[in-house]
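To start, the structure itself, in structure tokens.
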Amino acid sequence: MKIGFIGLGNMGAPMAANLAKAGHAVTGYDAARVTVDGVEQAATAEEAARGKEVVITMLPNGDILRSVAAEIVPAMERGAVLLDCSTVDVDSARAVAADAQARGLSALDAPVSGGVGGARDGTLTFMVGGDEVGFQKAKPLFDIMGKKAVHCGPAGNGQAAKICNNMILGATMIVTCEAFALADKLGLDRQAMFDVVSTSSGSSWSMNTYCPAPGVGPTSPADNDYQPGFAADLMLKDLRLAQEAAASADADTPLGRAARDLYARFVESEEGQGKDFSAMLPRFEARGHSSD
Ligand code: NAD
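Those letters in the sequence shown? Residues 10 to 301, per the numbering used here, in order.
See the structure below:
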């Protein structure tokens with residue numbers, strides 16, 4: 010397949026490399042002039058997109074996606090697929106898709122989970138919104154870049170699924186860390202706490218798979234001095250997107266809001282910048298009941 014790939018950062022570069030390794034003809038463009046093995050370099054986004062069957066974007070946010078889409082959509086041929094894998098706000102995803110569809114393209118929003126390791130190993134999960142025809146055309150590419158692709162409905166629904174999932178994850182991680190800090194102060198051994206909760210009704214991915222307590226449960230960023238993993242500032246980005254969507258859809262999400270506020274504080278005025286999102290545990294350990 011002839012593929013354009015725009016945005017060759019931490020995620021985009023290994024994803025593009027995997028498509029090229031699988032034998033696709035990939036032309037890439039990044040504003041920072043990044044080069045990737047096996048990927049032909051274009052001088053502009055428009056050049057990377059022109060004449061391609063699928064154009065993939067992996068960009069930082071919705072505003073950048075909108076401006077790149079405005080440049081490349083007119084250069085793409087009818088029937089081609091615009092496949093955005095960035096994490097962006099639902100409104101931008103739907104606006105870009107509407108514009109692309111109006112010009113005879115298939116548009117998919119397909120944010121990912123799995124992080125940089127998943128991008129490198131080709132084991133990402135894609136949450137996909139958009140039309141079925143586009144989904145079927147992109148399916149072989151999802152199979153190369155990832156291990157699973159779930160079609161969640163029309164345009165924007167991939168982003169909706171991603172931010173709902175990460176709102177649950179953020180709130181669950183916070184309460185798991187709070188509970189460990191409380192257990193410490195009650196004299197409960199962390200291993201005993203893990204053994205009980207991981208097999209009881211308080212269990213979750215945050216406890217069972219990504220335990221925030223060092224030396225307890227499977228190996229996680231807690232065992233590597235909270236080096237990310239999934240960085241707290243990326244969690245904050247997703248929690249902010251969830252709150253934007255909640256405001257836009259008039260949904261009441263008090264725990265999602267509290268999680269956003271805590272991660273904002275952690276990243277912007279405490280020690281959270283550059284740390285894994287599970288580093289909330291040492292934060293709570295250092296605080297008392299009436300800390301503000
Ligand atoms: P990144 O900052 O490493 O890469 C983004 C790239 O886009 C950069 O190389 C930048 O130069 C390029 N870019 C910016 N503006 C551009 C433009 N106008 N034209 C062309 N290129 C442009 O970010 P990343 O970690 O690769 O993340 C990409 C997306 O994936 C984000 O939306 C992020 O939220 C999402 N995501 C990241 C992770 C992760 O673990 N890093 C996990 C899941 C989802």
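Beta carbons are placed, not taken as given, at the ideal position from N, Cα and C, and that holds for glycine.
The model shown is predicted, which means the values in this text are computed figures rather than measured ones.
{"Item": "Buried versus exposed, by CB contacts within 10 Å (16 or more), valine 142", "Value": "exposed"}
{"Item": "Contact the segment 113-124 vs the segment 132-151: 3+ CB pairs below 8 Å", "Value": "yes"}
{"Item": "Residues near aspartate 301 in its chain [Cβ-Cβ closer than 8 Å; skip 5 each side]", "Value": "none"}
{"Item": "Euclidean distance between Cα positions of leucine 271 and glutamate 277", "Value": "10 Å"}
{"Item": "Local conformation of threonine 134 per DSSP, three classes", "Value": "strand"}
{"Item": "Boundaries (first-last residue) of the alpha helix (DSSP H) holding leucine 150", "Value": "141-154"}
{"Item": "Cβ-heavy atom distance, lysine 246 to the ligand NAD, below 7 Å", "Value": "yes"}
{"Item": "DSSP state of valine 99 mapped onto helix, strand, coil", "Value": "helix"}
{"Item": "Cβ-Cβ separation, methionine 67 to glycine 124 (assumed contact under 8 Å), whole Å", "Value": "At roughly 13 Å, the Cβ-Cβ gap does not stay under 8 Å, so glycine 124 and methionine 67 are not in contact."}
{"Item": "Boundaries of the alpha helix (DSSP H) in which glycine 167 is found, first to last residue", "Value": "166-194"}
{"Item": "Buried versus exposed, by CB contacts within 10 Å (16 or more), glycine 283", "Value": "exposed"}
{"Item": "Under the three-state DSSP convention, the category serine 74 falls into", "Value": "Position check: residue 74 holds leucine in this sequence, whereas serine was assumed. Three-state result, leucine 74: helix."}
{"Item": "Host alpha helix (DSSP H) of aspartate 247 (start-end)", "Value": "241-258"}
{"Item": "Glutamine 50 - DSSP class collapsed to helix/strand/coil", "Value": "strand"}
{"Item": "Distance cut-off 7 Å: isoleucine 12 Cβ against heavy atoms of the ligand NAD", "Value": "no"}
{"Item": "Methionine 20: CB within 7 Å of a non-hydrogen atom of the ligand ATP", "Value": "The ligand ATP is not part of this structure, which contains only the ligand NAD."}
{"Item": "Proline 230 classed as buried or exposed, judged by whether at least 16 other C-beta atoms fall within 10 angstroms", "Value": "buried"}
{"Item": "Continuous beta strand (DSSP E) stretch holding phenylalanine 14: start and end", "Value": "11-15"}
{"Item": "Pairwise C-alpha distance: aspartate 130 and alanine 31", "Value": "13 Å"}
{"Item": "heavy atom of the ligand NAD below 7 Å from glycine 124 C-beta", "Value": "yes"}
{"Item": "Contact belief for serine 287 with tyrosine 219 at Cβ below 8 Å, rounded distance in angstroms", "Value": "6 Å"}
{"Item": "For aspartate 118, the first and last residue of its enclosing beta strand (DSSP E)", "Value": "115-118"}
{"Item": "Cβ-based neighbour list, glutamine 110, same chain, cut-off 7 Å, excluding 5 preceding and 5 following", "Value": "Ala116"}
{"Item": "Cβ neighbour criterion (16 or more within 10 Å) applied to asparagine 166", "Value": "buried"}
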